[in-house]
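Trainee: By the numbering used here, the letter at position 43 of the sequence shown is numbered 52, and the numbering carries on one by one without gaps.
There's a structure below that I have some questions on.
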Amino acid sequence: MSQNTSDNKLNPDQNKIHAIIAKLTQPELINICIILSFIIFISGLAIATLIAFFTRGFNIWENYISDLGSIRYTPTPFILDIIAIITSVLLVPVSIYFSWSLYKETKTDVEGKSKGFFIFLKVFIIIGFIFLLSSSVGFFGIGVFSEDRTTSLGLHNFFSYIVFGSFAFSSMFNGIVLLSQNENFQVMYPRIIGAIMLFVNVPISILFLVLPPLLPREFLEWIMLFSVFAWIMPTTLIIRKSLKL
């Protein structure tokens, strides 16, 4: 059956959703978003950390990532604010592409146990996608409400919990999806990425909440960031390769 015939069977709302997804997941756009997000975030974070280290003695053992956004710890707090806001926006199309690349591989013309399996996959993919978007919202909020602009409501801490909590839950649901691959459900992301999501990112996030006495909470926050990078980097590399530009 042709794609056009399949699309004609969709209701108007589904057609609109598919049209929006198509616009936001154009290969050229996804490629630009991936490249810019990594260049801006990695270089910006490195520059901000080095400036804070050489001017205020900043270090990942004693300082939170958010401290890079405070004038108390660095003369250039605006760097973290800017990279957080820009990167959060750039990651939205990439998140949509990632989740859609999983969702479109689920089947609808199946019966019996397989039908239940694909319903389970769809639910987990959708939940994982919601948490991915939520992490971008949290990241954007961190940039807008830095430690110096947290307000009396403590909005900086609120958005910090949103971004790391959302990444943890997204890793859990998407990790389960990737590890559920079998002869009926195959995607372009290897199971090892799912294992990193589920067995690295999630446990480290739990450790951050439990706060072991031997590890500073500040250091664990940095480890959480690195654990997110451990699955985001290979995932985006696979996405770029799939674009075939």
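Glycine included, every Cβ here is placed at the ideal spot set by N, Cα and C.
All values derive from a computational prediction rather than experimental measurement.
Rank Leu187, Ser161, Leu246 and Ser144 by C-alpha distance to the C-alpha of Ile171 and give the top, closest one.
Mentor: Residue mapping note: residue 171 aligns to position 162 of the sequence shown, counting from 1. The residue with the shortest Cα to Cα distance from Ile171 is Ser144.
Trainee: Could you tell me if Asp157 is buried or exposed, where buried requires 16 or more neighbouring beta carbons within 10 angstroms of its beta carbon?
Mentor: Looking up residue 157 in the sequence shown gives position 148. Counting Cβ neighbours within 10 Å, Asp157 comes out exposed, since fewer than 16 surround it.
Trainee: Tell me which same chain residues have a C-beta within less than 6 Å of the C-beta of Phe238, skipping the five on either side of it?
Mentor: As a first step, residue 238 must be located in the sequence shown, where it is residue number 229. The answer is none, since no qualifying residue turns up.
Trainee: Candidates Ile94, Ile105, Leu100 and Thr64: which alpha carbon is nearest Thr85's?
Mentor: In the sequence shown, residue 85 corresponds to position 76, counting from 1. Taking only the C-alpha atoms, the option nearest Thr85 is Thr64.
Trainee: For the region 200 to 209 against the region 36 to 54, are there 3 or more C-beta pairs whose distance is under 8 Å?
Mentor: At 8 Å Cβ cutoff, the stretches do not touch.
Trainee: Assuming Phe138 and Ser108 make a contact with CB atoms under 8 Å, what is their CB distance in whole Å?
Mentor: In the sequence shown, residue 138 corresponds to position 129, counting from 1. In the sequence shown, residue 108 corresponds to position 99, counting from 1. Correct: roughly 4 Å between the Cβ atoms.
Trainee: With 16 as the cutoff for other CB atoms within 10 Å, does Glu230 come out buried or exposed?
Mentor: Along the sequence shown, one-based indexing puts residue 230 at 221. With 16 or more other Cβ atoms within 10 Å, it is buried.
Trainee: Using 8 Å as the threshold, is the region 162 to 171 in touch with the region 181 to 189, meaning 3 or more CB pairs across them?
Mentor: no
Trainee: Excluding the 5 residues preceding and the 5 following Leu234 in the sequence, name in chain order all residues of the same chain whose CB lies nearer than 7 Å to its CB.
Mentor: Counting from one through the sequence shown, the residue named residue 234 turns up at place 225. For Leu234, where only same-chain residues beyond five positions count, the Cβ hits under 7 Å are Ile74.
Trainee: Between the alpha carbons of Ile29 and Ser97, how many angstroms are there, rounded?
Mentor: Start at 1 with the first residue of the sequence shown, and residue 29 comes out as number 20. Start at 1 with the first residue of the sequence shown, and residue 97 comes out as number 88. Spanning the two alpha carbons is a distance of roughly 19 Å.
Trainee: If you follow the alpha helix (DSSP H) that Asn183 is in, where does it begin and where does it stop?
Mentor: The sequence position of residue 183 within the sequence shown is 174, counting from 1. For Asn183, the enclosing alpha helix (DSSP H) has its first and last residue at Leu164 to Leu188.
Trainee: Is the distance from the Cβ of Ile92 to the Cβ of Val153 below 8 Å?
Mentor: As a working mapping, residue 92 is identified with position 83 in the sequence shown. As a working mapping, residue 153 is identified with position 144 in the sequence shown. No, Cβ-Cβ distance for Ile92 and Val153 is not below 8 Å.
Trainee: Here's the rule: buried if 16 or more other CB atoms are within 10 angstroms of the residue's CB, otherwise exposed. What is Met4?
Mentor: Limits of the chain in this structure are 10 at one end and 254 at the other, which puts residue 4 out of reach.
Trainee: Going by DSSP in three states, Phe67 sits in which element: helix, strand or coil?
Mentor: Here residue 67 is taken as the residue at index 58 of the sequence shown, counted from 1. It is coil, neither helix nor strand.
Trainee: I need the DSSP call for Ile193, collapsed to helix, strand or coil.
Mentor: Here residue 193 refers to the residue found at position 184 when the sequence shown is read from its first residue. Here the sequence assigns Asn to residue 193, which means Ile is not the residue at that position. In the structure shown, Asn193 sits in coil (DSSP, three-state: anything other than H, G, I, E or B).
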